[in-house]
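J.: Which chain is which? The protein sequence lines are A and B, in order.
In terms of numbering that gives the first Met the number 0, the first sequence is numbered consecutively and its last residue is 181.
In terms of numbering that gives the first Met the number 0, the second sequence is numbered consecutively and its last residue is 181.
2 protein chains.
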Amino acid sequence: MTMDRQLLLLGLLRAQEMHGYQLNEFIDEQMNFCVDLKRSTAYYLLDKLCRDGYVAEEVEREGNRPERKVYRITPTGEERFQELLRQNLAAYEPSVYAEDIGIIFEHQLAPDESLRLMRMRREAILAHRATMEALHVSLPPSHTAVIEHHLLHLDAEITWIDRLIATRSSHASPQATDTASS
Amino acid sequence: MTMDRQLLLLGLLRAQEMHGYQLNEFIDEQMNFCVDLKRSTAYYLLDKLCRDGYVAEEVEREGNRPERKVYRITPTGEERFQELLRQNLAAYEPSVYAEDIGIIFEHQLAPDESLRLMRMRREAILAHRATMEALHVSLPPSHTAVIEHHLLHLDAEITWIDRLIATRSSHASPQATDTASS
DNA sequence: AGTTGAATAATCAGAACTGAGTATATCGCC
DNA sequence: GGCGATATACTCAGTTCTGATTATTCAACT
Numbered sequence: 000m001t002m003d004r005q006l007l008l009l010g011l012l013r014a015q016e017m018h019g020y021q022l023n024e025f026i027d028e029q030m031n032f033c034v035d036l037k038r039s040t041a042y043y044l045l046d047k048l049c050r051d052g053y054v055a056e057e058v059e060r061e062g063n064r065p066e067r068k069v070y071r072i073t074p075t076g077e078e079r080f081q082e083l084l085r086q087n088l089a090a091y092e093p094s095v096y097a098e099d100i101g102i103i104f105e106h107q108l109a110p111d112e113s114l115r116l117m118r119m120r121r122e123a124i125l126a127h128r129a130t131m132e133a134l135h136v137s138l139p140p141s142h143t144a145v146i147e148h149h150l151l152h153l154d155a156e157i158t159w160i161d162r163l164i165a166t167r168s169s170h171a172s173p174q175a176t177d178t179a180s181s
Numbered sequence: 000m001t002m003d004r005q006l007l008l009l010g011l012l013r014a015q016e017m018h019g020y021q022l023n024e025f026i027d028e029q030m031n032f033c034v035d036l037k038r039s040t041a042y043y044l045l046d047k048l049c050r051d052g053y054v055a056e057e058v059e060r061e062g063n064r065p066e067r068k069v070y071r072i073t074p075t076g077e078e079r080f081q082e083l084l085r086q087n088l089a090a091y092e093p094s095v096y097a098e099d100i101g102i103i104f105e106h107q108l109a110p111d112e113s114l115r116l117m118r119m120r121r122e123a124i125l126a127h128r129a130t131m132e133a134l135h136v137s138l139p140p141s142h143t144a145v146i147e148h149h150l151l152h153l154d155a156e157i158t159w160i161d162r163l164i165a166t167r168s169s170h171a172s173p174q175a176t177d178t179a180s181s
């Protein structure tokens, strides 16, 4: 993931040189739906990109405002961007899902409770899917591919949890099943 | 993710007290298809679980073999396990996908090259799907839910990349499209 | 009797990451 | 014109994580 965030920073700086704050604002406001990058991490990565020579920072003293740095991509950084982009597009890294761990031990809970918890997750996924769907219409078409990517994975997640709920329901106590279906 | 790995360790130690090495062997051999936990990280987490009082370690000196530690879950650890398990089952954490970053900048590559790279990824995903499918039959039924989870997400990933390849193909140069379809 | 290589069981230095904090300027409002 | 709220721009101490390395036993081979 580290490399992909470096790719993101290089890609943005490639389009336009920026202050750290500007960069962070942009990511937080325009890209929060698909990247999770803390401001402190962004500064850390910018520093690393500088140390590696991919980005140059220039301290800017303007009147008596607090000093700030302009970050711009270097020619080496440009090459690095190309390299990381190609790598990102061609490589597939198998994912790890936190949900798997829970399912491995799920049978140690009473079926009723397990069902209740899984239904809670189902609701949370559905809610998130709805916000993604909303973005789908409000965001510019440049983001369409990314949103569709998320929607596909969300649908996979819903299919899975529905199957689990279905098999567990058949083993749960009649009351619990009734309560849920009412 | 940290909490989920603690859940895993507690869950395994709950079933049976173990040496660090034993625990690591088990995870590496039986669970590598769904969890990625480095041995050093496991030792680190074990240490943290001890500091937090969820696990007790006892140094074992047997003859003059290299000393090793037995880890066993404490009553507090038992409670913690219950808590983490419930949390894991009920919570949904929106995922972040490295692929999204690449797609955002993808248009900066020549369509032909972009297509070539995406087809490479498609192959890699398919290969991984095949190994998962193989596990599906070879692994005990306790792992079925986890495998199916992965297969669903892999199918989502394939659907997505196929759509991308399809839209990009219509814009690529005729030669490139021909070469691929031959 | 000595050497090599696998298995066992960690430790450690350093890299990556985060939450909380620092410091100044500017803006609105009473 | 003074005062809190908000915007700007980081810095830093502490936590988490990883690759490389250390150290011992045991079995096999020479």
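A virtual CB, placed ideally from N, CA and C, is assigned to each residue, including glycine.
Since the model is a prediction, treat every value here as computed from it, not as a measurement.
Under 8 Å, with one C-beta from each stretch per pair, do the stretch 117–131 of chain A and the stretch 138–154 of chain B reach the 3-pair mark?
T.: No contact exists between the stretch 117–131 of chain A and the stretch 138–154 of chain B.
J.: By DSSP, does A/Met131 sit in helix, in strand, or in coil?
T.: By 1-based counting over the first sequence, the position of residue 131 of chain A is 132. The answer is helix: DSSP assigns A/Met131 an H, G or I state.
J.: For a minimum of 3 consecutive residues, which ranges assigned as the beta strand (DSSP E) are wholly contained in the stretch 77–130 of chain B?
T.: Fully enclosed beta strand (DSSP E) runs of 3 or longer: not present.
J.: Residues of chain B with a CB under 8 Å from the CB of A/Asp154: which are they?
T.: Taking the first sequence and counting its residues from 1, one reaches residue 154 of chain A at position 155. The contacting residues are Ala155.
J.: Would B/Ala165 pass as an interface residue toward chain A - the criterion being a Cβ-Cβ separation below 7 Å?
T.: Here residue 165 of chain B corresponds to residue number 166 of the second sequence, with the count starting at 1. No - not a single Cβ of chain A is within 7 Å of the one on B/Ala165.
J.: Counting beta carbon pairs with one atom in the stretch 47–58 of chain B and one in the stretch 88–99 of chain B, are three or more of them shorter than 8 Å?
T.: Verdict: no, contact absent.
J.: Helix, strand or coil: how does DSSP classify B/Met17 here?
T.: Here residue 17 of chain B corresponds to residue number 18 of the second sequence, with the count starting at 1. Three-state result, B/Met17: strand.
J.: Give every residue of the same chain whose Cβ lies closer than 8 Å to the Cβ of B/Leu11, excluding the five residues on either side of it in the sequence, and list them in chain order.
T.: Translated into positions along the second sequence, residue 11 of chain B becomes position 12. Excluding sequence neighbours, B/Leu11 sits near Met17, Leu22, Phe25 and Ile26.
J.: If you draw a straight line from the C-alpha of B/Leu84 to the C-alpha of A/Leu84, how long is it?
T.: Sequence index remark: in the second sequence, residue 84 of chain B carries index 85 (1-based). Sequence index remark: in the first sequence, residue 84 of chain A carries index 85 (1-based). Distance between the alpha carbons of B/Leu84 and A/Leu84 is about 38 Å.
J.: Taking DSSP as the reference, what is the three-state secondary structure of A/Tyr53?
T.: If you number the first sequence from 1, residue 53 of chain A lands on position 54. Reduced to three states, the DSSP call for A/Tyr53 is coil.
J.: Hey, is the stretch 71–89 of chain B in contact with the stretch 110–121 of chain A, meaning 3+ C-beta pairs nearer than 8 Å?
T.: Yes, the stretch 71–89 of chain B is in contact with the stretch 110–121 of chain A.
J.: Alpha carbon to alpha carbon, how far is A/Leu44 from A/Tyr70? Give it in angstroms, no decimals.
T.: The residue labelled residue 70 of chain A in the question sits at position 71 within the first sequence. The residue labelled residue 44 of chain A in the question sits at position 45 within the first sequence. Going from the Cα of A/Tyr70 to the Cα of A/Leu44 covers about 12 Å.
J.: Leaving aside the five residues before and after A/Ala179 along the sequence, list all residues of the same chain whose C-beta is less than 6 Å from its C-beta, in chain order.
T.: Against the first sequence, residue 179 of chain A aligns to sequence position 180. In this prediction, A/Ala179 has a pLDDT of 46, which is less than 50 and means its spatial position is unreliable; nothing more can be read from the coordinates.
J.: With A/Arg60 as the anchor, note down where its beta strand (DSSP E) starts and where it stops.
T.: Working through the first sequence from its first residue, we reach residue 60 of chain A at position 61. Here A/Arg60 belongs to no beta strand (DSSP E), and DSSP marks it neither H nor E.
J.: Could you tell me the alpha carbon to alpha carbon distance between B/Glu59 and A/Ile72, rounded to whole angstroms?
T.: On the second sequence, residue 59 of chain B is found 60 positions in, with the first residue counted as 1. On the first sequence, residue 72 of chain A is found 73 positions in, with the first residue counted as 1. In a straight line, the C-alpha of B/Glu59 is about 55 Å away from that of A/Ile72.
J.: Identify the continuous alpha helix (DSSP H) that holds B/Val69 and give its terminal residues.
T.: Position 70 of the second sequence, counted from the first residue, corresponds to residue 69 of chain B. Careful: B/Val69 lies outside any alpha helix (DSSP H), inside the beta strand (DSSP E) at Arg67 to Ile72.
J.: Output needed in chain order: residues of the stretch 123–152 of chain B with a Cβ under 7 Å from some Cβ in chain A.
T.: The residues in question are Ala123, Ile124, His127, Ala144, Val145, Glu147, His148, Leu151 and His152.
J.: Just to confirm, is the Cβ distance from A/Leu8 to A/Gly76 under 7 Å?
T.: Looking up residue 8 of chain A in the first sequence gives position 9. Looking up residue 76 of chain A in the first sequence gives position 77. No; because the gap between Cβ atoms is not below 7 Å, this pair is not in contact.
J.: Alpha carbon to alpha carbon, how far is B/Val136 from B/Pro74? Give it in angstroms, no decimals.
T.: Taking the second sequence and counting its residues from 1, the one referred to as residue 74 of chain B is at position 75. Taking the second sequence and counting its residues from 1, the one referred to as residue 136 of chain B is at position 137. For B/Pro74 and B/Val136, the distance between alpha carbons rounds to 37 Å.
J.: What does the Cβ neighbour count give for A/Tyr20, buried or exposed, with the cut at 16 atoms within 10 Å?
T.: As a position in the first sequence, residue 20 of chain A is number 21, starting the count at 1. Classification of A/Tyr20: exposed, given that the 10 Å Cβ count is below 16.
J.: Closer than 9 Å by beta-carbon distance: list the chain A residues that pair up with B/Asn31, in chain order.
T.: Position 32 of the second sequence, counted from the first residue, corresponds to residue 31 of chain B. Neighbours of B/Asn31 on chain A: none; closest Cβ ~10 Å, over 9 Å.
J.: Have a look at B/Asn31 and B/Met131 and give me their C-alpha separation to the nearest angstrom.
T.: Here residue 31 of chain B refers to the residue found at position 32 when the second sequence is read from its first residue. Here residue 131 of chain B refers to the residue found at position 132 when the second sequence is read from its first residue. When rounded, the distance between both Cα atoms is 12 Å.
J.: I'd like the span of the alpha helix (DSSP H) that includes A/Ser168, first residue to last.
T.: In the first sequence, residue 168 of chain A corresponds to position 169, counting from 1. From DSSP, the alpha helix (DSSP H) with A/Ser168 extends over Thr143 to Ser168.
J.: Got a sec? Which residues, its chain only, sit under 6 Å from A/Gly101 by beta carbon, not counting five neighbours each side?
T.: Walking along the first sequence from the start, residue 101 of chain A turns up at place 102. The answer is none, since no qualifying residue turns up.
J.: Any beta carbon of chain B sitting closer than 7 Å to that of A/Asp177?
T.: Counting from 1 along the first sequence, the entry for residue 177 of chain A is found at position 178. A caution first: A/Asp177 carries a pLDDT of 46, below 50, which makes its placement in the model too unreliable to give a value.
J.: Distance check for B/Met0 and A/Thr166, CA to CA, integer angstroms please.
T.: Residue mapping note: residue 166 of chain A aligns to position 167 of the first sequence, counting from 1. Residue mapping note: residue 0 of chain B aligns to position 1 of the second sequence, counting from 1. If I take the Cα positions, the gap works out to 27 Å.
J.: Mapping DSSP to helix, strand and coil, what is B/Asn31?
T.: Here residue 31 of chain B refers to the residue found at position 32 of the second sequence. It is coil, neither helix nor strand.
J.: So with CB distances below 7 Å, who are the chain A contacts of B/Ala89?
T.: For the purposes of this step, residue 89 of chain B is taken as residue 90 along the second sequence, with counting starting at 1. Residues of chain A passing the Cβ test: Leu116, Met119 and Arg120.
J.: So A/Phe80 packs on A/Leu151, CB below 8 Å; how close in whole Å?
T.: On the first sequence, position 81 is the one that residue 80 of chain A refers to. On the first sequence, position 152 is the one that residue 151 of chain A refers to. Not really, about 27 Å apart at Cβ, beyond 8 Å.
J.: Just the C-alpha distance for A/Val34 and A/His149, rounded to the nearest angstrom, thanks.
T.: In the first sequence, counting from the first residue as 1, residue 34 of chain A sits at position 35. In the first sequence, counting from the first residue as 1, residue 149 of chain A sits at position 150. Going by the C-alpha atoms only, they are around 12 Å apart.
J.: With a 10 Å radius around its C-beta and 16 neighbouring C-beta atoms as the bar for buried, classify B/His170 as buried or exposed.
T.: Counted from its first residue, the second sequence places residue 170 of chain B at position 171. Under this definition B/His170 is an exposed residue.
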